[in-house]
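Numbering (my numbering), first residue to last: 1 to 239.
Structure (structure tokens):
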């Protein structure tokens, strides 16, 4: 009976992969630690559509990123035509619409910082090297018909970020975190990642679909990702 009990328990122990072990598998699946660690400065272009009820707006988003704390997004929308620029440079941030500076509200600032935190996390290496990051096991789920394993990422001063990896391939297939909406209410933002390919120095998703409180608000394709050694700080200058 004792041996039968051990045989019944053992498979469950094997299946319960530790978060750190999963992240290490994910690092290998996305190109390896050396390549991911070098991806600290880059230019990324996305093209897609925003969705708001029955309305659809095409956009191009040209992003400039330099870890750990510099980020710039230039969103060009059509019909109606607008250009929105959001910049984060350490503790400084700014927004402009069609060339006119606009006061940045707390919700937008929080979203910029959460975006930067997500960009840092999906490089994966900081999750196993940074001393201020704690990982938790979120269990197994099904996302778009795929069995995934969730890892909670907790970092001092930031809200929990949930990352979901394909159980077999260890590719990142989804993320989830909370945002403060413009009305002051908490919003759950989820992203789904698909069509992974080698671009800009490591394996990254070619398609990104974003949901807020379960409603699709954005879908975009990766146009280009270009890694560089360093970006001049003047590109992140804020007024």
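Even for Gly, the Cβ is constructed at its ideal location relative to N, Cα and C.
Remember, it's a predicted structure, so these values are computed and weren't measured experimentally.
| Query | Result |
| --- | --- |
| Mapping the DSSP letters down to three states, classify residue 19 as helix, strand or coil. | helix |
| Just how far apart, CA to CA, sit residue 174 and residue 137? | 15 Å |
| Any idea what DSSP makes of residue 125, helix, strand or coil? | helix |
| Below 8 Å between beta carbons: does that hold for residue 207 and residue 195? | yes |
| Using the C-alpha atoms, what's the distance from residue 50 back to residue 79? | 12 Å |
| Go through its chain and collect everything with a Cβ distance to residue 120's Cβ below 7 Å, but skip five positions before and after it. | 67, 68 and 126 |
| Give the range of the alpha helix (DSSP H) segment to which residue 158 is assigned. | From DSSP, residue 158 is part of no alpha helix (DSSP H); its letter is neither H nor E. |
| Is it buried or exposed, residue 20, if we count other Cβ atoms within 10 angstroms and call 16 or more buried? | exposed |
| Near residue 236, which residues of its chain fall below 8 Å by C-beta distance, leaving aside the five closest residues on each side in sequence? | 64, 66, 70, 71, 72, 87, 88 and 89 |
| Using the C-alpha atoms, what's the distance from residue 230 back to residue 35? | 15 Å |
| Between 219, 200, 171 and 227, which has its C-alpha nearest residue 52's C-alpha? | 219 |
| Skipping 5 residues on each side, what residues in its chain have a beta carbon closer than 6 Å to that of residue 181? | 187 |
| State the beta-bridge partners of residue 87 as determined by DSSP. | 72 and 94 |
| Leaving aside the five residues before and after residue 58 along the sequence, list all residues of the same chain whose C-beta is less than 6 Å from its C-beta, in chain order. | 49 and 78 |
| Identify which residue in 140, 157, 113 and 112 has its Cα closest to the Cα of residue 133. | 157 |
| From this set, 183, 166 and 221, which residue's C-alpha is nearest residue 25's C-alpha? | 166 |
| Taking the Cβ atom as the reference point for each residue, do residue 190 and residue 179 lie within a distance shorter than 8 Å? | no |
| Should residue 115 go down as buried or exposed, given a rule of 16 or more other Cβ atoms within 10 Å for buried? | buried |
| Verify whether the separation of the beta carbon atoms of residue 164 and residue 150 is less than 8 Å. | yes |
| For residue 107, does the three-state DSSP call read helix, strand or coil? | helix |
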